[in-house]
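J.: First residue of the sequence shown? That's -5 in this note's numbering, and the numbers climb one at a time after it.
Ideal Cβ positions, reconstructed from N, Cα and C, are used throughout, including at glycine.
Attaching a single structure in structure tokens format; questions to follow.
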Amino acid sequence: MIGLYFVTCLAANPAHCVTRTHYFDEPVQTPMQCLTLAQLTMAGWQNDHEHERWRIERFRCGGPPRDPGSII
């Protein structure tokens, strides 16, 4: 399954970061389809009042990381 993996960091404490995962409701079968939806998805996430203290640092589309502790 292809998902959107992105790292968010607190604006007030950039050293505190969290890796987040989003799986789309629509069938996404290629990384290009994921990239097409990624910007809108992350913009919606960022604009949510609950997430206003977080910044999106980086992202990628694809399968889950092989090592759960790896940085995307």
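Tell me whether residue 22 is buried or exposed, calling it buried when 16 or more other Cβ atoms sit within 10 Å of its Cβ.
T.: buried
J.: Helix, strand or coil, according to DSSP, for residue 56 in the structure here?
T.: strand
J.: Looking at the secondary structure, which residues open and close the beta strand (DSSP E) in which residue 15 lies?
T.: Counting along the chain, the beta strand (DSSP E) containing residue 15 begins and ends at 11 to 16.
J.: Can you tell which of 60, 0, 59, 61 has its C-alpha closest to the C-alpha of residue 29?
T.: 0
J.: Here's a check: name, in chain order, each residue in its chain whose Cβ is nearer than 7 angstroms to the Cβ of residue 13, leaving out the five neighbours to either side.
T.: -1, 1, 66, listed in sequence order.
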